[in-house]
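A.B. asks:
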Amino acid sequence: MNFSEVFKHSNQLCRISPNGKYLATCVQYRLVIRDFDTLQILQLYTCLDQIQFVEWSSDSSFILCAMFKRGLVQVWSMEQPDWHCKIDEGSAGLVAARWSPDGRHILNTTEFHLRITVWSLCTKSVSYIKYPKACHQGIDFTKDGRYLALAERRDCKDYISIFVCSDWQLLRHFETETQDLTGIEWSPNGCVLAVWDTCLEYKVLFYSLDGRLLSIFSAYEWCLGVKSIMWSPSSQFLAVGSYDEKVRMLNHITWKQITELDHPSTISNPKIVFYREVERRPVISNDDLSAHHSLTTGSSLFSTQSKYEVSSLPAQVPVIKPDPDRPNPKIGISAMAFSSNSRYLVTKNDNMPNNVWIWDVQKLKLFVVLEHVAAVRCFQWDPCHPRLALCTGNNKVYMWSPSGCACVQVPIAGHFQVLSLSWHTSGQSLILLSKDQLCVCYLENKDS
Amino acid sequence: MGDWKTVTMPEPLPVLDLSNYGPTSVISSLVQTLPPLSQNSYNLVSAFCTDENIGQCITYINQEISSLGFPPISSDTRGNNDLNLVSVLNVIYELLQLHKKGLRTMEDMETEQLKSSSDMDHLQNSHSKLKEQLELCRRENKSFQERERQVHLKNKSLQNSLKNEKEEVQKLQNVIASRASQYNHDMKRKEREFGKLKERLNQILIDKKDKKMAIEILNYVGRPDGKRSVWKTGKTEARNEEEMYKVLLGDYEHRLKDLMIENAELKKVLQQMKKEMMTILHPQKHGFKEKKEESIDPVASDDEEEPGENSKEYGLDLSCELAREKLTNSIRQQWRMLKNHVEKLDNQAALMQMDVQNECNVVSREIHEEEVDKLKLEIQQCKDFIKTQQQLWQQQVNSPCDEETSSLLQDCYLLEEKERLKEEWKLFDEQRKNFERERKNFTEAAIRLGHERRAFEEDRASWLKHQFLNMTPFIDRKRPQTSKHPCAFSASTEPEVRNLHSSPQTMKSVVTNIPTPKSQSSLKMPSTPDLYQTLCLIPNKSSPEIQPKRSSLQDPNVRMYSGELSTPRPRHSLNSDNYFIYCVSRDENTLK
């Protein structure tokens with residue numbers, strides 16, 4: 524594992540272009556474009572204000588920078604550095620900006636979710652979409668970029684509009700059987716739209732592309748319901764994480780539950796591997812205190828080293844009791860992710876923040892549990908291999924693959940706390956982000 | 044009463060006090076008091092009887108006594124008070140007696156009294172105790188009743204409170220429901236207002252012709268696909284619809300294909316399972332049935348197989364309901380059979396386990412049986428031996444006894460006879476061996492004779508041939524061939540012959556003898572019938588195990604001959620060559 528030098532960034536704004544060639548970082552009001560391989564600066568753009576949001580277009584030829592405070596969006600081109608575009612939402616305000624899948628339209632959501640403005644970079648045309656619903660995930664494009672599903676709210680009822688992205692024509696518009704729709708998500712094959720209701724009610728609905736209701740799934744009533752939803756890359760399964768600390772897997776044929784993945788606080792099944800991070804403070808002998816040594820190990824002297832150890836079973840998972848009086852209690856499955864080959868599912872239960880659970884999707888059984896000293900901040904699967912990278916807000920990167928797991932200390936002097944990470948599309952390198960710095964972590968090629 | 048008694052008892056009773064003894068016992072008390080009176084009278088003579096009033100006393104006493112029913116103590120005939128001494132004494136005596144009696148009764152009475160009083164005391168005590176108990180019980184009862192009442196009261200109050208609580212809950216639920224509905228209503232109202240505001244804001248934004256809201260762009264870029272955007276028309280809409288349905292259809296087709304593949308795979312697995320089940324079941328079934336009914340079995344099994352075959356074919360080709368049903372049914376049936384079979388095996392296994400433990404390494408059944416037979420034989424022999432020993436023992440022990448001696452003698456005879464028989468057997472055996480030897484000699488002689496005859500025939504044949512060839516025009520050509528001929532044969536026949544005559548005992552001598560005449564013998568074929576006859580004379584006594592061996596050896600040799608045959612035949616067009624070659628092969632056969 525090799526690490527690059529450190530670069531500055533602000534607001535955790537750092538994106539790799541979809542083709543993997545460029546790395547865009549924002550430093551206050553400057554946008555820095557680097558070549559990913561050499562990390563040389565290719566372009567440097569200056570925006571009108573502090574950048575709050577950055578997004579690459581799907582073909583990696585444009586990048587948009589949003590400045591919500593000003594209601595501004597600026598677009599830059601990779602091919603023509605002189606080219607520039609500025610979109611001003613004016614008094615309507617701006618809360619969100621995103622590319623359309625074709626990379627030639629920008630969808631701006633105005634304040635109060637008054638409307639969504641669709642700006643085109645090809646023509647002068649501007650379209651509006653009214654009544655977008657302000658919710659967790661109210662807008663979703665299909666993977667192939669052909670259709671856009673948008674949650675709407677009119678007359679206290681939820682609707683979904685499906686648009687054809689090529690000409691922004693409304694294809695379907697239908698009412699949903701929800702109290703207060705919270706999110707929508709297309710299946711990866713773009714044929715089924717999963718819709719889930721507010722957390723007060725456990726309700727997941729499946730709509731076909733043509734607006735037919737395929738099925739409704741509800742596991743229980745009278746309790747806080749769905750917390751997160753994730754399609755498997757093969758569109759075969761839908762994992763539904765809920766506040767009752769369970770993940771339910773639904774199949775794509777009958778839309779019924781296949782299995783229930785429980786997150787028990789005691790792990791006793793001997794087939795499960797329980798990795799526990801064990802911290803070791805370096806023992807400093809008198810020899811180590813010599814000036815020479817302290818110079819070389821200066822950075823690691825004050826930090827602790829840690830490693831994974833296979834814990835003997837049965838093992839206890841530390842549980843945090845959520846405060847019942849506060850809204851959005853810290854309990855339940857908040858994050859899930861399928862590995863690229865659909866073989867593994869990783870989940871995180873909010874009241875066991877230090878643990879990450881990896882499930883074998885073939886067997887539908889718990890496979891590995893990782894326990895860390897600190898709460899897990901972020902995890903992400905390698906886009907090419909079944910390999911999971913995660914961070915816990917300290918100076919280490921944790922990796923898991925079916926063959927084992929490791930934690931690696933980031934050998935950077937000073938205070939580098941990994942708050943989030945993201946894989947390069949090739950799956951061979953990884954960007955680590957601390958509060959205001961970033962570095963690239965290169966993994967050894969398996970072939971070499 | 045007791046108190047009173049204790050006071051009075053020790054003191055001498057004064058006469059006047061006698062009346063105090065209760066009205067009922069006046070007489071008895073008088074009687075009782077008399078003796079002490081008489082005693083006391085000695086001291087108190089002056090008090091009652093003095094010299095002066097003796098007469099009066101007498102009369103008084105007399106009166107008294109008579110009133111008491113005693114004979115008078117004085118004869119009152121003359122008016123004088125003459126004491127009739129006898130009667131006085133009698134009276135006194137009687138009085139004394141009475142007194143004594145009285146005393147005794149009194150004692151009894153006293154004891155009785157004591158007893159009864161103690162009884163009384165006891166009873167009184169127990170009575171009081173019981174009374175106390177009763178009281179206690181009553182009190183307890185009261186307390187229980189009280190408690191019950193209290194509990195009842197409490198229960199009632201609790202029920203009341205429960206009812207109240209329930210009402211409260213109901214009320215609260217109603218409140219919650221109403222609040223919820225109110226909240227929902229308010230929410231809706233707010234949302235509607237919010238919507239209206241949004242609308243208004245939107246309107247304002249549009250009306251205002253917001254100058255700020257704009258896009259500044261250097262130049263418009265081309266679409267990624269390079270096409271120009273199209274006008275929105277009904278056509279595009281239709282096209283969009285079409286495309287959407289295409290996507291959906293594609294997805295469904297894809298899914299259908301997946302399902303078909305999965306289905307086919309499952310079917311394959313099912314078929315394979317079925318086939319395997321059949322293969323597992325059928326040999327077993329055959330074996331099982333053969334044991335029971337050999338003649339009926341094959342037909343029945345064929346019948347059973349047929350539907351299975353049919354369904355298999357159907358299942359592979361079509362997936363129609365009927366075929367599927369058939370397939371599943373047959374599989375189910377077979378599965379049931381398999382299950383039964385496995386269960387049976389399980390049972391057997393349970394039984395076999397002990398046997399298996401005994402003989403860990405598996406011995407083939409034949410060996411096992413042989414072993415068992417041997418052991419049985421041995422056991423039989425041992426038993427016989429033991430019997431004879433016992434008999435001998437008994438003979439020795441019971442020698443004096445007459446009857447037993449006779450039996451013993453009999454046994455002796457038997458034994459003797461046995462011995463004799465054995466000897467005879469030996470003799471017989473020897474004779475047989477001699478016979479066999481002779482037979483062998485004879486056969487050898489016969490063979491030799493046959494050879495000689497053959498040699499002779501050969502000679503004759505060669506002579507004839509010579510003669511014949513001399514007559515034909517091929518003389519010069521024939522020469523080399525004849526020289527070639529025997530060697531070709533010798534190569535092939537020699538090992539052959541060795542095999543032919545490999546009857547174990549005589550083999551060696553024959554082998555040494557034969558090679559030379561062999562070449563001739565093949566020429567002497569016409570005589571084979573004779574030889575055959577002579578050989579037929581040899582009884583088929585030769586051990587049967589050798590025969591198959593020979594035949595097995597012979598077959599390849601015969602083939603070799605035929606192989607040889609094919610090469611020389613084109614060379615000589617002569618029939619005679621073919622002929623004797625055939626004969627050789629026949630000869631081999633006959634030699635068997």
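Those protein sequences? They're chains A and B, same order as listed. 524 is the number of the first residue of the first sequence in the numbering used here; add one for each residue after it. 44 is the number of the first residue of the second sequence in the numbering used here; add one for each residue after it. Note that beta-carbon positions come from the ideal geometry of N, C-alpha and C, so glycine has one too. Since we're looking at a predicted model, the values are computed, not measured.
Three or more beta-carbon pairs under 8 Å between the stretch 126-142 of chain B and the stretch 109-118 of chain B, yes or no?
C.D. replies: They touch, by the three-pair rule.
A.B. asks: Using the Cα positions of Tyr730(A) and Leu673(A), report the straight-line distance between them to the nearest angstrom.
C.D. replies: Here residue 730(A) is taken as the residue at index 207 of the first sequence, counted from 1. Here residue 673(A) is taken as the residue at index 150 of the first sequence, counted from 1. About 13 Å.
A.B. asks: Using only the alpha-carbon positions, how far apart do Ser117(B) and Asn105(B) sit?
C.D. replies: For the purposes of this step, residue 117(B) is identified with residue 74 of the second sequence, where counting begins at 1. For the purposes of this step, residue 105(B) is identified with residue 62 of the second sequence, where counting begins at 1. If you take the alpha carbons of Ser117(B) and Asn105(B), they lie about 7 Å apart.
A.B. asks: Please list the terminal residues of the continuous alpha helix (DSSP H) segment that includes Gly543(A).
C.D. replies: Mapped onto the first sequence, residue 543(A) falls at position 20. Looking at the DSSP string, Gly543(A) is not in any alpha helix (DSSP H), and its letter there is neither H nor E.
A.B. asks: Taking the alpha-carbon positions, what's the His938(A) to Phe526(A) distance?
C.D. replies: Taking the first sequence and counting its residues from 1, one reaches residue 938(A) at position 415. Taking the first sequence and counting its residues from 1, one reaches residue 526(A) at position 3. Approximately 15 Å between the Cα atoms of the pair.
A.B. asks: Can we say the stretch 766-773 of chain A touches the stretch 792-799 of chain A, given the rule of at least three CB pairs closer than 8 Å?
C.D. replies: These segments do not touch.
A.B. asks: Residues of chain B with CB closer than 8 Å to the CB of Gln692(A), please, in chain order.
C.D. replies: The count along the first sequence starts at 1 and reaches residue 692(A) at position 169. Those are Lys275, Thr279, Glu280 and Asn283, listed as they occur along chain B.
A.B. asks: Which residues does DSSP list as the beta-bridge partners of Phe797(A)?
C.D. replies: As a first step, residue 797(A) must be located in the first sequence, where it is residue number 274. DSSP output for Phe797(A) lists Val892(A) as bridge partner(s).
A.B. asks: Mind listing the chain A neighbours of Met256(B)? Cutoff is C-beta to C-beta under 7 Å, in chain order.
C.D. replies: Here residue 256(B) refers to the residue found at position 213 when the second sequence is read from its first residue. What Met256(B) touches in chain A: Asp611, Glu612, Gly613 and Ala615.
A.B. asks: Excluding five sequence neighbours on each side, which residues of the same chain lie with their C-beta closer than 6 Å to the C-beta of Ser81(B)?
C.D. replies: Counting from one through the second sequence, the residue named residue 81(B) turns up at place 38. Residue placement at Ser81(B) cannot be trusted, given a pLDDT of 47 that sits under 50; what the coordinates show is reported in the next sentence. No residues qualify anywhere along the chain.
A.B. asks: Where does Arg669(A) sit, in a helix, a strand or coil, going by DSSP?
C.D. replies: As a first step, residue 669(A) must be located in the first sequence, where it is residue number 146. If DSSP states are grouped into helix, strand and coil, Arg669(A) belongs with coil.
A.B. asks: To the nearest angstrom, how far is the alpha carbon of Glu967(A) from that of Leu953(A)?
C.D. replies: Walking along the first sequence from the start, residue 967(A) turns up at place 444. Walking along the first sequence from the start, residue 953(A) turns up at place 430. For Glu967(A) and Leu953(A), the distance between alpha carbons rounds to 11 Å.
A.B. asks: Can you tell me whether Ser169(B) is helix, strand or coil according to DSSP?
C.D. replies: For this step, residue 169(B) is matched to residue 126 along the second sequence. Residue state, collapsed to three classes: helix.
A.B. asks: Taking the beta carbon of Thr699(A) as the centre, do at least 16 other beta carbons fall within 10 Å, making it buried, or is it exposed?
C.D. replies: Indexing the first sequence from 1 puts residue 699(A) at position 176. The residue is buried, with at least 16 neighbouring Cβ atoms inside 10 Å.
A.B. asks: Hey, quick one: how far does the alpha helix (DSSP H) through Val440(B) stretch, first residue to last?
C.D. replies: Within the second sequence, residue 440(B) is the residue found at index 397, counting from 1. Looking at the DSSP string, the run of the alpha helix (DSSP H) that includes Val440(B) is Arg408 to Val440.
A.B. asks: Look at the alpha carbon of Lys461(B) and the alpha carbon of Ala393(B), and state the distance between them as a whole number of angstroms.
C.D. replies: Indexing the second sequence from 1 puts residue 461(B) at position 418. Indexing the second sequence from 1 puts residue 393(B) at position 350. So the two alpha carbons sit approximately 51 Å from each other.
A.B. asks: Quick one: what does DSSP say Ser505(B) is sitting in, helix, strand or coil?
C.D. replies: Residue mapping note: residue 505(B) aligns to position 462 of the second sequence, counting from 1. Three-state DSSP puts Ser505(B) in a helix.
A.B. asks: Looking only at its own chain, which residues have a Cβ that is under 7 Å from the Cβ of Arg673(B), when we skip the five neighbours before and after it?
C.D. replies: Nothing about residue 673(B) can be read from this structure; chain B reaches only from 44 to 635.
A.B. asks: On the DSSP letters alone, give me the boundaries of the beta strand (DSSP E) that Ile116(B) sits inside.
C.D. replies: Here residue 116(B) refers to the residue found at position 73 of the second sequence. Looking at the DSSP string, Ile116(B) is not in any beta strand (DSSP E), and its letter there is neither H nor E.
A.B. asks: Once DSSP output is grouped into helix, strand and coil, what is the label at Cys180(B)?
C.D. replies: For this step, residue 180(B) is matched to residue 137 along the second sequence. Helix at Cys180(B).
A.B. asks: What number of angstroms, rounded off, separates the C-alpha of Phe28(B) from the C-alpha of Glu459(B)?
C.D. replies: Residue 28(B) lies beyond the stretch modelled for chain B, which goes from 44 to 635, so this question has no answer here.
A.B. asks: Could you tell me whether the stretch 682-699 of chain A touches the stretch 308-316 of chain B, where touching means 3 or more Cβ pairs closer than 8 Å?
C.D. replies: Taking 8 Å as the limit for Cβ pairs, the verdict is that the stretch 308-316 of chain B does not touch the stretch 682-699 of chain A.
A.B. asks: Thinking C-alpha only, which one of Val555(A), Phe559(A) and Trp642(A) is nearest Leu595(A)?
C.D. replies: Start at 1 with the first residue of the first sequence, and residue 595(A) comes out as number 72. Checking every option, the nearest Cα to that of Leu595(A) belongs to Trp642(A).
A.B. asks: From what residue to what residue does the alpha helix (DSSP H) around Tyr965(A) run?
C.D. replies: On the first sequence, position 442 is the one that residue 965(A) refers to. From DSSP, Tyr965(A) is part of no alpha helix (DSSP H) but of the beta strand (DSSP E) over Gln960 to Tyr965.
A.B. asks: Would you say Leu261(B) reaches chain A, if we count a Cβ-Cβ gap shorter than 8 Å as a contact?
C.D. replies: For the purposes of this step, residue 261(B) is taken as the residue at position 218 of the second sequence. Yes, contact with chain A.
A.B. asks: Identify whether Asp663(A) lies in helix, strand or coil by the three-state DSSP scheme.
C.D. replies: Start at 1 with the first residue of the first sequence, and residue 663(A) comes out as number 140. Asp663(A) falls in the strand class under three-state DSSP.
A.B. asks: Hey, is Cys679(A)'s beta-carbon within less than 8 Å of any beta-carbon in chain B?
C.D. replies: Reading the first sequence from its first residue, position 156 is the one you call residue 679(A). Cys679(A) counts as touching chain B.
A.B. asks: What first and last residue would you give for the beta strand (DSSP E) that runs through Tyr921(A)?
C.D. replies: Taking the first residue of the first sequence as position 1, residue 921(A) is located at position 398. Here the beta strand (DSSP E) through Tyr921(A) covers Lys919 to Ser924.
A.B. asks: At least one CB of chain A closer than 8 Å to the CB of Arg266(B): is that the case?
C.D. replies: Stepping through the second sequence from its first residue, residue 266(B) is reached at position 223. For Arg266(B), the answer is yes, since a Cβ of chain A falls inside 8 Å of its Cβ.
A.B. asks: Terminal residues of the continuous beta strand (DSSP E) containing Glu768(A)?
C.D. replies: Taking the first sequence and counting its residues from 1, one reaches residue 768(A) at position 245. No beta strand (DSSP E) holds Glu768(A); DSSP gives it neither H nor E.
A.B. asks: Could you spell out where the alpha helix (DSSP H) holding Ile854(A) opens and where it closes?
C.D. replies: For the purposes of this step, residue 854(A) is taken as the residue at position 331 of the first sequence. Careful: Ile854(A) lies outside any alpha helix (DSSP H) and carries neither H nor E.
A.B. asks: Look at the Cβ atom of Leu913(A), then the Cβ atom of Cys537(A), and state whether they are nearer than 8 Å.
C.D. replies: For this step, residue 913(A) is matched to residue 390 along the first sequence. For this step, residue 537(A) is matched to residue 14 along the first sequence. Not in contact: Leu913(A) and Cys537(A) (Cβ atoms no closer than 8 Å).
A.B. asks: Against Glu234(B), what residues of chain A qualify as contacts under a CB-to-CB distance less than 8 Å, listed in chain order?
C.D. replies: Here residue 234(B) corresponds to residue number 191 of the second sequence, with the count starting at 1. Neighbours of Glu234(B) on chain A, chain order: Arg676 and Cys679.
A.B. asks: Put Asp301(B) into one of helix, strand or coil per three-state DSSP.
C.D. replies: Residue 301(B) sits at position 258 when you count from the first residue of the second sequence. Of the three classes helix, strand and coil, the one that applies to Asp301(B) here is helix, per DSSP.
A.B. asks: Tell me which residues of the stretch 725-747 of chain A have at least one Cβ-Cβ distance to chain B shorter than 8 Å, keeping chain order.
C.D. replies: Under the 8 Å Cβ criterion, the stretch 725-747 of chain A contributes Ser731, Leu732 and Asp733.
A.B. asks: Buried or exposed: where does Lys656(A) fall if 16 or more other Cβ atoms within 10 Å of its Cβ makes it buried?
C.D. replies: Working through the first sequence from its first residue, we reach residue 656(A) at position 133. Buried, by the Cβ-count rule.
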